[in-house]
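Q: Here it is: the structure, laid out below.
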């Protein structure tokens, strides 16, 4: 089990840009983040403020439009 945790922390460190010591510390205890904190940490790319607006590009692609703007 510790091997899997070490692998996961390595992936988190690599993909978030955090150092391995920080990911080890952050995953070793109960740790909650707000959406803004998760974005700053590197866990997420963006925060959806308006879910309906965020879905508009998908609807446009389903209808065959080629140029769509992101709703994020």
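In my numbering, the protein residues as written are 68 to 139. Glycine included, each C-beta is placed from N, C-alpha and C at the ideal position. Computed from a predicted structure; not experimentally measured.
Answer yes if the stretch 96 to 110 comes into contact with the stretch 68 to 77, meaning at least three C-beta pairs across the two stretches below 8 Å, and no otherwise.
A: Segments in contact, no.
Q: In this structure, does DSSP put residue 113 in helix, strand or coil?
A: It is coil, neither helix nor strand.
Q: Assign residue 128 to one of three DSSP states: helix, strand, or coil.
A: The answer is helix: DSSP assigns residue 128 an H, G or I state.
Q: If you check the beta carbons only, do residue 83 and residue 113 fall under 8 Å apart?
A: Not a contact, by the Cβ cut-off of 8 Å.
Q: Suppose you measure from the CA of residue 128 to the CA of residue 88; what does that come to, to the nearest Å?
A: Looking at the two C-alpha atoms, the distance is approximately 42 Å.
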